[in-house]
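Below is one structure, written out as structure tokens; comments come after it.
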Amino acid sequence: MRRCMGLPGRMFSAASSRDLAGRSSSATRMPLCDRVRSASLDSWGLGTDSRDMTLTGRAGLPQRLRAPTTPLPAAAMQKEGAPVFLRYHQGSVRGVSFSPRIASMGMSRNINAVRFTSDGSRILAATTARRLAVIDVERGEQVMTYDNCAYDARERASLAADPICPNMAVCSSANGRGLTLFDLRMPLPLDFVYDLHDNAIRDLLFLHSSWPFVRSHQSTVLSLSAEGVCKVTTLDGRYLHGFEVGHGANSVEATPEAYGSGADDGFCSVVLVGGDAVSGYVPDVGVQERLREHGHESVWKVRYTSNGGLLYTACNRGVVRRYRRYPDRHKFLGEVLWHEANIQDMDLSPYDDYLITASKDRSVGVLPLGSPNHGWTEYCELS
1 MRRCMGLPGR MFSAASSRDL AGRSSSATRM PLCDRVRSAS LDSWGLGTDS RDMTLTGRAG
61 LPQRLRAPTT PLPAAAMQKE GAPVFLRYHQ GSVRGVSFSP RIASMGMSRN INAVRFTSDG
121 SRILAATTAR RLAVIDVERG EQVMTYDNCA YDARERASLA ADPICPNMAV CSSANGRGLT
181 LFDLRMPLPL DFVYDLHDNA IRDLLFLHSS WPFVRSHQST VLSLSAEGVC KVTTLDGRYL
241 HGFEVGHGAN SVEATPEAYG SGADDGFCSV VLVGGDAVSG YVPDVGVQER LREHGHESVW
301 KVRYTSNGGL LYTACNRGVV RRYRRYPDRH KFLGEVLWHE ANIQDMDLSP YDDYLITASK
361 DRSVGVLPLG SPNHGWTEYC ELS
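Residue numbers 1 to 383, in the UniProt record's numbering, belong to the letters of the sequence shown in order.
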């Protein structure tokens with residue numbers, strides 16, 4: 001494992017240090033710590049592939065692929081940069097995630113899902129050996145493992161961390177149809193929910209307590225199966241709500257604001273399900289919208305920005321699309337990033353200044369979206 005120490009903002013990517021050191025072509029002799037002409041990364045991203053991992057600093061961006069060549073409609077008051085791709089992974093990249101805080105770590109082999117805990121102090125990694133590993137961010141050490149509890153999916157696996165309690169997490173169980181719950185302070189899994197779905201669970205999401213079917217429960221989990229069935233349950237497996245979107249599904253996302261907080265402006269809180277189509281579900285109304293700009297390509301990930309104003313979708317054939325959210329619809333704005341193969345995972349930095357993707361073309365894509373949406377800014381005049 002090799003670390004690049006430099007400016008504070010860095011990004012993780014999965015690569016083989018042996019591959020990076022052993023290549024002799026001019027394209028691969030670029031030092032890992034060359035400077036990148038872009039804004040510093042205020043958050044760190046984590047990418048995983050099916051082999052092994054090494055740390056790549058913010059300067060470890062050895063090669064650029066093509067940038068968008070057609071002008072995009074204006075979307076939010078942001079100035080984008082050109083996408084940059086982290087290359088030389090040994091296998092297809094299955095997952096990416098941004099840390100809520102600055103962090104560093106090293107990882108092991110055969111990882112198919114990664115998540116940071118809500119306090120940014122630990123990384124959760126589900127592996128194809130049906131194991132969940134817990135890694136301390138500061139030390140880069142594996143502090144705990146849970147065996148025979150995670151689904152050994154060949155694609156991206158289902159894994160979620162509680163946004164309120166940093167000690168709670170959930171992943172799909174060993175057979176893929178149930179849930180395994182974890183209290184990271186305990187040496188064994190907290191609980192198992194068996195056969196919650198008839199098919200494999202493709203995505204998991206912790207819902208905010210303001211949603212009407214959550215009631216008084218502090219933490220609830222929305223699980224999405226491959227045939228498009230969504231179920232909301234408590235952490236101990238009690239069923240609260242369910243709905244179907246009528247098509248194959250891979251990803252689920254809820255609008256980030258508290259439920260109903262945008263009603264005065266005409267905005268409804270929505271649960272989006274991405275797969276063969278992107279469907280918007282509104283409680284007490286049902287599925288009210290379907291997005292089909294991706295054609296026959298399956299959508300693998302849907303993500304809202306932190307204020308819910310923009311939506312990004314990632315689909316097969318490696319295309320990321322952007323939408324503007326309106327009270328009654330989502331308006332397609334354009335394509336913003338392309339990979340050479342299917343995109344399997346996507347994440348946004350906490351301040352919406354970077355988008356990161358994981359692809360089967362063995363690369364991690366990094367797209368600067370513009371300045372952070374909040375935080376300190378400075379202005380000075382020289383005379």
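Ideal Cβ positions, reconstructed from N, Cα and C, are used throughout, including at glycine.
Per DSSP, Ala157 is not a residue of any beta strand (DSSP E), being assigned neither H nor E.
With contacts defined as CB atoms closer than 8 Å, Ser97 and Asp353 fail to qualify as a contacting pair. Per DSSP, reduced to three states, the secondary structure at Asp119 is coil, with no helix or strand assignment. Rounded to whole angstroms, the gap between the alpha carbons of Arg290 and Cys149 is 35 Å. Beta-bridge pairing by DSSP links Pro368 to Tyr354. Nearest neighbour of Pro163 by Cα position, chosen from Ser371, Lys360 and Val221, turns out to be Val221. Separation of Gly260 and Arg215 (C-alpha to C-alpha, rounded to the nearest whole angstrom) is 14 Å. For Asn250, the CB contacts under 7 Å within the same chain, skipping 5 residues up- and downstream, are Arg202, Asp203, Gly274, Gly275, Ser298, Val299 and Trp300 in chain order. Taking Asn167 as the centre and dropping the five residues before and after it, the same chain places the C-beta of Asp183, Leu184 and Arg185 closer than 7 Å to its C-beta, in chain order.
The three-state secondary structure of Asp347, taken from DSSP, is strand. For Gln90, no beta strand (DSSP E) segment is defined, and its DSSP state is neither H nor E. DSSP places Tyr146 in the uninterrupted beta strand (DSSP E) bounded by Glu141 to Tyr146. Its chain contains His339, Glu340 and Ala341 as the residues whose beta carbon lies nearer than 6 Å to that of Asp361, once the 5 sequence neighbours on both sides are disregarded; these appear in chain order.
If the five residues before and after Tyr239 are omitted, its C-beta is found closer than 7 Å to the C-beta atoms of Lys231 and Thr233, all from its own chain and listed in chain order. With 16 or more other Cβ atoms from the protein chains shown falling within 10 Å of its own Cβ, Ala157 counts as buried. Judged by beta-carbon spacing, Arg94 lies within the 8 Å limit of Ala358, meaning their Cβ atoms are closer than that value.
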